[in-house]
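Student: With the numbering used here, the residue at position 4 of the sequence shown is 12, and numbering never jumps.
Don't be surprised by glycine CBs; every beta carbon is placed ideally from N, CA and C.
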Amino acid sequence: MADADLDAVRRAFADLTGLFEDAALVASAGQGVKHLDDGRRQFKLLSTATNRIRKRLSSLEGRLR
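1. Looking at residue 22 and residue 67, is the spacing between their C-beta atoms short of 7 Å?
2. Can you tell me whether residue 42 is helix, strand or coil according to DSSP?
3. Out of 65, 17, 54, state which residue places its alpha-carbon closest to the alpha-carbon of residue 37.
4. Measuring straight from C-alpha to C-alpha, what distance separates residue 70 and residue 61?
5. Beta carbon of residue 64, beta carbon of residue 24: below 7 Å?
Have a look at this one:
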């Protein structure tokens, strides 16, 4: 694998790691939800974070092929 490709994979993996950390923070905040509206908002945030992770994983998989 070329150095440029390897650097791109490393950056993508670092981005992915950051997205997992963001999702963990959202999930943690969601555990303290006291109202249904707050729960919906946290669920939407977590769903968005999960979709970002899925897209980044797909991108990373493409770079590794």
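Tutor: With the given structure in hand:
1. For the purposes of this step, residue 67 is identified with residue 59 of the sequence shown, where counting begins at 1. For the purposes of this step, residue 22 is identified with residue 14 of the sequence shown, where counting begins at 1. Contact: no.
2. One-based indexing of the sequence shown puts residue 42 at position 34. In this structure, residue 42 counts as coil in the three-state DSSP scheme.
3. To locate residue 37, count along the sequence shown from 1; it is residue 29. Residue 54 is the option with its Cα nearest to residue 37.
4. By one-based count along the sequence shown, residue 70 stands at place 62. By one-based count along the sequence shown, residue 61 stands at place 53. If you take the alpha carbons of residue 70 and residue 61, they lie about 14 Å apart.
5. On the sequence shown, residue 64 is found 56 positions in, with the first residue counted as 1. On the sequence shown, residue 24 is found 16 positions in, with the first residue counted as 1. Going by C-beta atoms, residue 64 is nearer than 7 Å to residue 24.
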